[in-house]
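Okay, so here's the structure we're looking at.
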Amino acid sequence: MEKNKRKSLAQFHSFIYNTANTQLFMREFRKYSEIGDRHSMVEMILELDQVSNADVNALFIPKNSEEAEKLYNDVISAEGDGDKMSNLLKINLLTRALFAAEAETLLKVKITIARAKYEFNTQFYHKCCKDCDYALQLLKNLQSSDPQNELEAEKMKTMCNLLKSQSLKQSRKSNKPSSPSSEKKLPRIDGKPNKKLKSCSDAVALIYENAKGRHLIATRNIKAGSVLIVDEPFSFSTDETALSTNCLHCHSSLQGDDNIAVPCSSCQTVSFCSEECRSNAWDSYHKYECMIFDNFLERSRTCDAKSHVLLAYRTTIAKAIRKDSGVLDAEFLCYQDAKCEDAKKSLEIDIKSDIYDPLDYRTVFSLETHCEKADAKVNLSRSIKSVYLAKCLAFVLMEVDERSRETIGQREIALLAVAMMRHMQAVNCNAYEIVENFRNENTRTWEPRNVGGAIYSSVSLVNHSCYPNVVRHSYPGGKVVVRCLRFIGKGSEILDCYGPHFITDSLELRQQYLIEKYHFICRCEPCKSDWKFPFPDEITFRCISCGNSLDSLHLRCTECSQKFDIRKLRSQLEKSTKKRILAVGKMYDGHYIDALPLLLEHSGFVDKTLMAPCLEAIKTQQSIIQCYNSLSSIVKIK
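Structure representation (structure tokens):
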């Protein structure tokens, strides 16, 4: 690599990986990989001449006034208002123009007002009102000494107020609320707040066992539907496919009639639902990624998803940069330094006495990384990316604040790379999807769509099962809610699903996936007993006295010999199953809130009466999930 030859992340990774992937280099690198020595792995990459000679530079799509004006004029010069499809096309073109326009210009205001007009013509009255408010805010921020511009600005202000008034009037005529919101109310945890686990209910407790590590157990009997965790993300990212459809900051959908697309003030790539989200994102993280953002969009055949690389980068900047000064945090760098033992010890969490706060970096630092278990070539790939990302952050900090030029040297870049690598490894086995649900009117079901990823350090305490007893749902603002999916007895473990489920995946595929990604052998009940789906038609009843299986031939419990009436049990099951069938009908018509109590009541009966695995239990749980899908982050497309 030539001196000062600038390359993107993908180019840098490919070049350095091919350079380093030699027998001689890997023999030494593998030694450090097998003992999980990130510092030495990073140092080996940094010592390569091709790395020390490599610079990074801005890599993003800047504003382009000429492009913005051309797109705007193309729309304005088109004849007539056209039909709905024509108007939608014009709205999309004007959105592109808006994203290309320079900040704080009259052109940007003109484009916004034009978009509002076409939204009005398409009966997107709420969008129209929001665009009028946005245009008025832009006008307020404009400062001009030109009388002609001031006169034009006053005309635009009058036009915005008139258009908004008409839009509100039409909205009332069509019986639509004037200020809609698809934002769902965030549920509260059931019971009292946990004294040690800030995001959890007191219905769960954190314990440690050598075989299972840290995990959560039930402190009492828990009913289906109970909210056990409401967690905040320490950091989050947005998938590339969602950059134009969802807010970069809160992930609210920009489709439908609820939100408008607001551009970044510097790049053309990312979208926001409001000026507030744009401002908060810029102050928190986007100003440290904006000018190098296209590095996170490149196609790559490496082991990490692009959004996971961005998530690792954001996790680093969330703690590495001092909020009061915008410079590197010396204490954070000490955390990453192998020589600073006292600093690293200060990050240890005592699960018996310390408060576990998901926004506390200690909870992120304590996440499992499996560094020493990862394949050496995977660690090579991640160490190369980490070095590049560290160089990117150093470059951005120097561009944002010249003081950083005096404080960032090779040591700082090395420690930033160590942090990036730790976070990349933690993200690989601890990140969760941020999901929105949209209703498929053909199947009358809610279907998920991934829009991003996040680190939820409280949720990460929950171990895996191929037959989970809890379910996760995303809410606006990146929050995640964990609910009980079926009855959990006191002392039982809280169990999530990391992906493979016994209904959809064979035992062999499940075990292979979990070993390769999470480095453990699953010993959940479906794996130990090799549950097969579909199940046999015959169901097995549960003894109400001791919880063991009933022998339907001899009409006794196999454990406590308690007698039972098989006809009575079958009659009760048939009666309760009718509640599920009634609930499904309500769900089909979109009445999920009415269906949910019926399903939860039936679930309680099934859990008490039938042994797992059981098709009726699966059907009920899937229906409950559908109901909670409707209460979480959703997309309404008009």
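Quick note on the UniProt record's numbering: the sequence shown kicks off at 1 and runs consecutively.
No residue lacks a Cβ here, since even glycine has one placed at the ideal position from N, Cα and C.
None of these values were measured; they are calculated from a predicted model.
Nearest-angstrom beta carbon gap, residue j and residue i [assumed within contact, 8 Å]
{"i": "residue 436", "j": "residue 451", "result": "5 Å"}
{"i": "residue 502", "j": "residue 535", "result": "Residue 502 to residue 535, Cβ: 11 Å. No contact."}
{"i": "residue 514", "j": "residue 498", "result": "7 Å"}
{"i": "residue 647", "j": "residue 204", "result": "Given a span of 1 to 638 for the chain in the structure shown, any question on residue 647 remains unanswerable."}
{"i": "residue 244", "j": "residue 103", "result": "Not confirmed; about 19 Å, so no contact."}
Straight-line gap, residue i to residue j (C-alpha atoms, nearest Å)
{"i": "residue 653", "j": "residue 56", "result": "This structure leaves residue 653 out entirely; the chain is present only between 1 and 638."}
{"i": "residue 242", "j": "residue 93", "result": "18 Å"}
{"i": "residue 256", "j": "residue 65", "result": "28 Å"}
{"i": "residue 422", "j": "residue 225", "result": "36 Å"}
{"i": "residue 562", "j": "residue 551", "result": "10 Å"}
{"i": "residue 8", "j": "residue 293", "result": "10 Å"}
{"i": "residue 40", "j": "residue 32", "result": "6 Å"}
{"i": "residue 443", "j": "residue 634", "result": "16 Å"}
{"i": "residue 605", "j": "residue 162", "result": "59 Å"}
{"i": "residue 453", "j": "residue 22", "result": "34 Å"}
{"i": "residue 160", "j": "residue 171", "result": "16 Å"}
{"i": "residue 623", "j": "residue 599", "result": "7 Å"}
{"i": "residue 261", "j": "residue 69", "result": "18 Å"}
{"i": "residue 200", "j": "residue 114", "result": "48 Å"}
{"i": "residue 179", "j": "residue 126", "result": "Low per-residue confidence applies at residue 179: pLDDT is 42, beneath 50, and the placement is therefore not dependable, though the value from the model is reported in the following sentence. Looking at the two C-alpha atoms, the distance is approximately 7 Å."}
{"i": "residue 644", "j": "residue 132", "result": "Residue 644 lies beyond the stretch modelled for the chain, which goes from 1 to 638, so this question has no answer here."}
{"i": "residue 461", "j": "residue 412", "result": "31 Å"}
{"i": "residue 449", "j": "residue 251", "result": "12 Å"}
{"i": "residue 463", "j": "residue 350", "result": "19 Å"}
{"i": "residue 430", "j": "residue 365", "result": "12 Å"}
{"i": "residue 289", "j": "residue 380", "result": "24 Å"}
{"i": "residue 427", "j": "residue 372", "result": "15 Å"}
{"i": "residue 629", "j": "residue 60", "result": "36 Å"}
{"i": "residue 400", "j": "residue 248", "result": "21 Å"}
{"i": "residue 10", "j": "residue 149", "result": "45 Å"}
{"i": "residue 210", "j": "residue 390", "result": "35 Å"}
{"i": "residue 545", "j": "residue 223", "result": "18 Å"}
{"i": "residue 156", "j": "residue 90", "result": "20 Å"}
{"i": "residue 487", "j": "residue 220", "result": "11 Å"}
{"i": "residue 19", "j": "residue 376", "result": "15 Å"}
{"i": "residue 402", "j": "residue 392", "result": "15 Å"}
{"i": "residue 46", "j": "residue 388", "result": "10 Å"}
{"i": "residue 516", "j": "residue 86", "result": "49 Å"}
{"i": "residue 539", "j": "residue 548", "result": "14 Å"}
{"i": "residue 181", "j": "residue 258", "result": "For residue 181, the pLDDT reaches just 46, beneath the cut-off of 50, and the residue's location in the model is therefore unreliable, leaving the point undetermined."}
{"i": "residue 339", "j": "residue 409", "result": "18 Å"}
Local Cβ density within 10 Å of residue i, reported as buried at 16 or more and exposed below that
{"i": "residue 323", "result": "exposed"}
{"i": "residue 593", "result": "exposed"}
{"i": "residue 73", "result": "exposed"}
{"i": "residue 27", "result": "exposed"}
{"i": "residue 621", "result": "buried"}
{"i": "residue 369", "result": "buried"}
{"i": "residue 425", "result": "buried"}
{"i": "residue 62", "result": "exposed"}
{"i": "residue 297", "result": "buried"}
For residue i: DSSP bridge partner residues
{"i": "residue 286", "result": "Bridge partners of residue 286: none, in fact."}
{"i": "residue 563", "result": "556"}
{"i": "residue 439", "result": "446"}
{"i": "residue 483", "result": "227 and 471"}
{"i": "residue 208", "result": "214"}
{"i": "residue 397", "result": "Answer by DSSP bridge pairing: none, since residue 397 is not bridged."}
{"i": "residue 551", "result": "556"}
{"i": "residue 262", "result": "272"}
{"i": "residue 463", "result": "495"}
{"i": "residue 315", "result": "The partner list for residue 315 (beta bridge, DSSP) is empty, contrary to what the question assumes."}
{"i": "residue 238", "result": "452"}
{"i": "residue 201", "result": "193"}
Below-8 Å beta-carbon distance, residue i vs any chain C residue
{"i": "residue 386", "result": "Looking at the structure shown, chain C is missing, and only one protein chain is on hand."}
task: Taking 8 Å as the threshold, find out whether the segment 490 to 506 comes into contact with the segment 272 to 281 through three or more Cβ pairs.
output: no
- prompt: Is the number of C-beta pairs between the segment 183 to 196 and the segment 571 to 591 that are closer than 8 Å three or more?
  reply: no
Inter-stretch contact (C-beta, 8 Å, three-pair minimum) for the segment 558 to 575 and the segment 607 to 615: yes
query: Does the segment 344 to 361 come close enough to the segment 413 to 421 that 3 or more CB-CB pairs lie under 8 Å?
result: no
query: How do the segment 306 to 325 and the segment 222 to 241 stand: do at least 3 beta-carbon pairs fall below 8 Å, yes or no?
result: yes
message: Quick check: the segment 341 to 353 against the segment 380 to 392, are at least 3 beta-carbon pairs closer than 8 Å?
response: no
task: Check whether the segment 95 to 105 touches the segment 44 to 58, taking contact to mean three or more Cβ pairs, one atom from each stretch, closer than 8 Å.
output: no
- prompt: Is the number of C-beta pairs between the segment 320 to 334 and the segment 463 to 478 that are closer than 8 Å three or more?
  reply: no
- request: Count the C-beta pairs between the segment 506 to 513 and the segment 524 to 533 that are closer than 8 Å, then say yes if the count reaches three, no if not.
  value: yes
message: Using 8 Å as the cut-off, can you tell me whether the segment 227 to 234 makes contact with the segment 474 to 484, which would need three or more C-beta pairs spanning the two stretches below that distance?
response: yes
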